[in-house]
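A short write-up of the structure that comes next.
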Amino acid sequence: MSAQATVAPWLVDYDATVAAFDWDRAWDDLGGRPDAEHGVNIADLALDRHVRAGRGDHVAIRWIGRDPADVEAPVDLTYSMLASRTHRFACALRNNGFGPGTGVATLTGRIPDLYVTALGTLKGQGTFTPLFSAFGPDPIAQRLQLGHIKVLVTTPTLYRRKVAGIVDRLPDLELVLVCGATEDQTAGSTNGRRGGPRVLSFGAFLCDGTKTFEIGYTDPETPALLHFTSGTTGTPKGAIHVHGAVVTHHLTGRLVLDLHPDDVFWCTADPGWVTGTSYGIIAPLTNGVTSIVDEADFDAERWYRILERDAVDVFYTAPTAIRMLQRLGPELAAAHDFGALRLLASVGEPLDAEAVRWCERVFQVPVLDTWWQTETGGIMIANYRSEPVRAGSMGRPLPGIEVGLLARTPDGDLVTDDRGAPIEITDPDISGELALRAGWPSMFRGYLDQQDRYDAAFVDGWYRSGDLARRDADGYFWFVGRGDDVIKTAGHLIGPFEVESALDEHPAVAETGVIGKPDETAGTIVKAFVVLGHDQVPSDDLRRELLGHARSRLGAAVAPREIEFVDSLPHTRSGKIMRRLLKARELGEDEGDTSALETPAWAT
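With the sequence shown counted from 1, adding 18 to any position gets you the working numbering.
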């Protein structure tokens, strides 16, 4: 292996680090804990701090365009270049009347303008919201509405296909910036009250700013990021994160991902999701590394070429991608030299033991699974480079994080004591609901405009993750399953209600129930059970029509991959669809207690 591969880990002794840990020390590596004079701004710590330290010429982002030839001709953006461009963006926001608290969203792929937008927004103390570019118009409109977004950055294609037709539903939207446009445009939509948002080219907007921008005092509790996550029912939840969360991003990049300043790091997560922000932008930049940004979609040969050519030290990807590499076999990888690679980490869903072992054989490095959620803001449980990896385990808690398992009844309710407090499981190998003691820096501060839902996420000082896990005798956690119906497919979180609502809008559909169905490649795919209207007849043509309808409304990543026509759906007496019974039927499992149900169709 290369010299990089022998770099000593930051976390040498897990138990000693946990025993001595406090968050004040964690701040020291970022220049000290925020105070009334200096505050804390994520973008300043990610970019300008390095420039002040004399590392402005170090490459911050190595961008690889979508074309196959671009793999051999990447574009390097240094810390100084990004600092200057983000100054311009922040200044342009201010000059156009968008002050602190402005909601700015991106709807793009992995392009440099997205990173300029994210960090420029944070410099100006706006709130940054990334949106997944594969969403259809309806999910985009819903999130822009809920987030009170005033500025949207997108591309010409996405603007034309997904934005232009919905701007009349977005009364808060005042400005659309189109990346790569050659000249300013005018709004193509009409709004009865305002005539629609202004539409400008991204480049023209930057000309309104200057290369210098003085970041105002930023309180650690100033909102910085708004990430939307879907629940099983109702509207998506907007999780609010603050500038003070940066210490968790930095610490986990250091202790879990083992990032050193001269490393080349590659996080493959889409920038529309929380991983693409926390570990595609903030953690690598605060740790001063060179971060690979590849615009193209998954391509095994391309990935192997990048890992080899750019001498990637640390690779952070999803189990779905790992399974796709597995299916192609080790021969393709064997043609490449991964000598610089020091570790591979996984995020998004549990990584099975066989996938861990396969990666260890192919890449000859430790494979570290990590667990966290949108609400936690950063990695909470992980395997570590200096510790033995237990294949299939989530690992052990991050220093400074207290993790517990709360006892649950078979129906999923918490077991409580005579004071009404939840009972914590202390014996090994007993499943419970994974919970975190509230108060860590990157803990979300609220669900936007949904205080009741936020309050319901906590009990007696614990944040309830909704995931089920067990802890072995050595303190390693093992994922058991989801405590609700949220579907994870190919690294994406999908709320069944969102998919059901889109299908129910079709005139042929009476009702829909959606579940996650196990799949060898994606881990889980979305499957819909559809009850047709009384005058409708099931057919392959209608199934294809419904699939197309869902894709046009939701985007291919969210729409169901399979549709099964049924006569009726199982309901509780209060009218709620029982998705667990749909899943049990799909898997051929015992349906359990159905006393609270109306009679399922397949039981008659």
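Glycine is no exception: its CB is placed at the ideal position from the N, C-alpha and C atoms. Just so we're clear, the structure is a prediction, and the values are computed from it rather than from any experiment.
Going by DSSP, histidine 245 is part of the beta strand (DSSP E) stretching over 241-247. Counting C-beta pairs closer than 8 Å gives fewer than three between the segment 254-263 and the segment 123-137, which falls short of the contact rule. Ranked by how close their Cα comes to the Cα of serine 483, the residues Pro189, Pro27 and Thr247 have Thr247 in first place. According to the DSSP assignment, threonine 124 belongs to the beta strand (DSSP E) that extends over 121-125.
DSSP places tyrosine 177 within a helical segment (H, G or I) once states are collapsed to three. DSSP places lysine 601 in the uninterrupted alpha helix (DSSP H) bounded by 597-605. Here the alpha carbon of valine 307 sits roughly 43 Å from the alpha carbon of glycine 430. For proline 157 and lysine 168, the gap between their C-alpha atoms comes out near 17 Å. Short of 8 Å from the beta carbon of proline 384, and not among the five residues preceding or following it, lie these beta carbons of its own chain, in chain order: Leu361, Leu362, Glu378, Asn401, Arg403 and Val407. A direct Cα-to-Cα measurement between leucine 164 and leucine 170 gives close to 14 Å.
Ranked by Cα distance from lysine 535, the first of Ala602, Glu529, Ile233 and Val421 is Ala602. Nearest C-alpha to glycine 74 among Gly438, Ser296, Ile340 and Pro279: Pro279.
Within the same chain, Phe153, Gly154, Asp156, Pro157, Glu516, Val517 and Ala520 come within 8 Å of leucine 572 by CB-CB distance, once the 5 residues on both sides are set aside. Inter-segment contact for the segment 269-284 and the segment 386-397 is present: three or more beta-carbon pairs are separated by less than 8 Å.
Sequence-distant partners of asparagine 113 (beyond 5 residues in either direction) whose C-beta falls short of 6 Å from its own C-beta, in its chain, are Asp226. According to DSSP, serine 519 shares a beta bridge with no other residue. If you draw a straight line from the Cα of glycine 464 to the Cα of alanine 453, it is about 17 Å long. Judged by beta-carbon spacing, proline 368 lies within the 8 Å limit of phenylalanine 497, meaning their Cβ atoms are closer than that value. Here threonine 228 has His105, Arg106 and Cys109 as same chain residues with Cβ atoms under 8 Å from its own Cβ, once five neighbours each way along the sequence are excluded. Scanning Asp88, Leu565 and Arg414 for the CA closest to the CA of glutamate 523 turns up Leu565. Of Asp190, Thr427, Phe220 and Ser219, the smallest CA-CA separation from glycine 213 is found for Asp190. With a threshold of 16 other beta carbon atoms within 10 Å, tyrosine 235 falls short and is exposed. Lysine 545 sits in a strand when the DSSP states are folded into three classes. When the beta-carbon positions are compared, cysteine 197 and threonine 266 stay at least 8 Å from each other. Between the C-alpha atoms of leucine 243 and glutamate 192 there is a straight-line separation of about 20 Å.
Annotation for histidine 76: no beta strand (DSSP E) segment contains it, and DSSP assigns it neither H nor E.
The criterion of a C-beta distance shorter than 8 Å is satisfied by arginine 128 and glutamate 313.
Assignment of lysine 506 by DSSP, reduced to helix, strand and coil, places it in the strand class. Boundaries for phenylalanine 153: no alpha helix (DSSP H) harbours it, and the DSSP string shows neither H nor E there. With distances taken between CA atoms, valine 544 lies nearest to Ala574 out of Ala574, Phe476 and Leu560. A distance below 8 Å separates the beta carbons of alanine 546 and isoleucine 581. For proline 348, no beta strand (DSSP E) segment is defined; the enclosing uninterrupted segment is the alpha helix (DSSP H) at 348-352.
Measuring C-alpha to C-alpha distances from glycine 413 to each of Ala491, Trp376 and Trp480 identifies Ala491 as the nearest. Between serine 102 and isoleucine 300, the alpha-carbon positions lie close to 17 Å from each other. The closest CA to that of glycine 347, considering only Asp355, Trp376 and Ala329, is found on Trp376. Taking the Cβ atoms as the reference, threonine 124 lies roughly 17 Å from leucine 95, outside the contact range of under 8 Å.
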